[in-house]
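Asker: One structure, as structure tokens, below. Some questions next.
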Amino acid sequence: MKLSYKKLSVIILLVALIGTITYVTVNNTNKNKSALSKKMGLKAKPKQKVKSNKNDEQTIRTFKGINLIHNDKIIPTLMYHSVADGQANNSAVVPVDVFKQQMQYLKDNGYTTLSLDELHNFIQNNKPVPERSVVLTFDDGYEDSYTNVFPILKAFGFRGTVFVIPALTDKPGPYLNSKQLKEMDKNGMDIESHTVNHEKLGELSSEKQLDTLIQSKQMLETMLNKKIQYIAYPFGSYNNFTVAEAQKAGYTMAFTTNDGWAGKNTDILLLNRVFVNSLKGMDQYVERLNNPNYK
Numbered sequence: 521m522k523l524s525y526k527k528l529s530v531i532i533l534l535v536a537l538i539g540t541i542t543y544v545t546v547n548n549t550n551k552n553k554s555a556l557s558k559k560m561g562l563k564a565k566p567k568q569k570v571k572s573n574k575n576d577e578q579t580i581r582t583f584k585g586i587n588l589i590h591n592d593k594i595i596p597t598l599m600y601h602s603v604a605d606g607q608a609n610n611s612a613v614v615p616v617d618v619f620k621q622q623m624q625y626l627k628d629n630g631y632t633t634l635s636l637d638e639l640h641n642f643i644q645n646n647k648p649v650p651e652r653s654v655v656l657t658f659d660d661g662y663e664d665s666y667t668n669v670f671p672i673l674k675a676f677g678f679r680g681t682v683f684v685i686p687a688l689t690d691k692p693g694p695y696l697n698s699k700q701l702k703e704m705d706k707n708g709m710d711i712e713s714h715t716v717n718h719e720k721l722g723e724l725s726s727e728k729q730l731d732t733l734i735q736s737k738q739m740l741e742t743m744l745n746k747k748i749q750y751i752a753y754p755f756g757s758y759n760n761f762t763v764a765e766a767q768k769a770g771y772t773m774a775f776t777t778n779d780g781w782a783g784k785n786t787d788i789l790l791l792n793r794v795f796v797n798s799l800k801g802m803d804q805y806v807e808r809l810n811n812p813n814y815k
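Each step along the sequence shown adds one to the number in the numbering used here, with nothing skipped, and position 41 is 561.
Here you go:
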């Protein structure tokens, strides 16, 4: 059947009209959705980037002078847990006044407290540090790291590192909350990993080790919006898988509870530390700071 020119023109006009109506309807719908989204605050958020703190001027200083050492030397990394009063018989809990006395000794004798970035730079990149350098670490993330340690270190102008168990953050108990951690991290205290639930890595399979190492890193990175690179193994426990799994998880330096000073004489993922025993006096503290072969 042949269509007349007049009928064909009408059909073409109707098709064009329908297309125009459809375009206008869809366009208006999209505009309305966009307006509604703006009204409700439904904006597409870009993926959050984790800041790198590797070259942060606040954590890595350039030391100059004649009394510098290179990485053929080793450095005492002190291991604390809790600084609080009322537990006189607990070797891992240092009384507040004793801790102040220890910090005063460091100040009076010209010690420089290094950040972990500076220690890493010293060991891996042979960047010189002052001859009398020391690293202060605090395991487990007890609340007294905020109430007692933090203000004392600030008063002395010292730096320290707290190894945190993220699963215990913001939970009932004697542990730090996220608000405290953020404040400390912005004011000279480095916050790093201590596994998700304080697991004994030496008793775990390689798969379970990797899981807790990655999760604890990611949880802290999300909380603090910075790169987590360092870890202390809970209880100092590790096995033949631990170094490899820590590397896979993205850690560049790790600490044990093995006695001794830290340096390139051991694997950088198996660094020694010096336990600060609250049941011993200042004589032992001073010896362990000055004698790498202490007993």
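Where is the CB? At the ideal position from N, CA and C, for every residue including glycine.
Keep in mind that this is a model prediction, so the values were computed, not measured.
Report the rounded CA-to-CA distance for K647 versus N641, giving the unit in angstroms.
Answerer: What you label residue 647 is simply residue 127 of the sequence shown in a count that begins at 1. What you label residue 641 is simply residue 121 of the sequence shown in a count that begins at 1. Cα-Cα distance, rounded: 6 Å.
Asker: For N483, which residues in the same chain have their Cβ closer than 6 Å to its Cβ, ignoring the five residues on either side in sequence?
Answerer: Absent from the structure is residue 483, since the part of the chain shown begins at 521 and ends at 815.
Asker: Based on the DSSP output, what are the partners of R679 in its beta bridges?
Answerer: On the sequence shown, residue 679 is found 159 positions in, with the first residue counted as 1. Bridge partners of R679: none, in fact.
Asker: Measure the alpha-carbon distance for H714 versus P754 and round it to whole angstroms.
Answerer: Counted from its first residue, the sequence shown places residue 714 at position 194. Counted from its first residue, the sequence shown places residue 754 at position 234. Spanning the two alpha carbons is a distance of roughly 6 Å.
Asker: Could you pull out every residue in the same chain whose Cβ sits closer than 6 Å to the Cβ of A774, ignoring the five residues on either side in sequence?
Answerer: As a working note, residue 774 is residue 254 in the sequence shown. Correct list, in chain order: I751, A766 and L789.
Asker: Any chance you could list the alpha helix (DSSP H) runs of at least 4 consecutive residues sitting entirely within the segment 697-776, in chain order?
Answerer: Fully enclosed alpha helix (DSSP H) runs of 4 or longer: 698-705, 726-744 and 762-769.
Asker: Does DSSP classify I586 as helix, strand or coil?
Answerer: Here residue 586 refers to the residue found at position 66 when the sequence shown is read from its first residue. Three-state result, I586: coil.
Asker: CB-CB under 6 Å to S736, same chain, minus the five flanking residues each way: which ones, in chain order?
Answerer: On the sequence shown, position 216 is the one that residue 736 refers to. Correct list, in chain order: P686, S713, T715 and V716.
Asker: Run through DSSP, which three-state label would D779 get?
Answerer: What you label residue 779 is simply residue 259 of the sequence shown in a count that begins at 1. D779 falls in the strand class under three-state DSSP.
Asker: At a cut of 8 Å, does the segment 689-703 reach the segment 717-737 through at least three beta carbon pairs?
Answerer: Counting Cβ pairs under 8 Å, fewer than three are found: no touch.
Asker: In chain order, what residues of the same chain have a beta carbon less than 8 Å from the beta carbon of N587, not counting five sequence neighbours either side?
Answerer: Indexing the sequence shown from 1 puts residue 587 at position 67. For N587, where only same-chain residues beyond five positions count, the Cβ hits under 8 Å are P650, E651 and R652.
Asker: Within a Cβ cutoff of 8 Å, which residues of the same chain sit near G585, ignoring the five residues on either side of it in sequence?
Answerer: Within the sequence shown, residue 585 is the residue found at index 65, counting from 1. Same-chain partners within the cutoff: P650.
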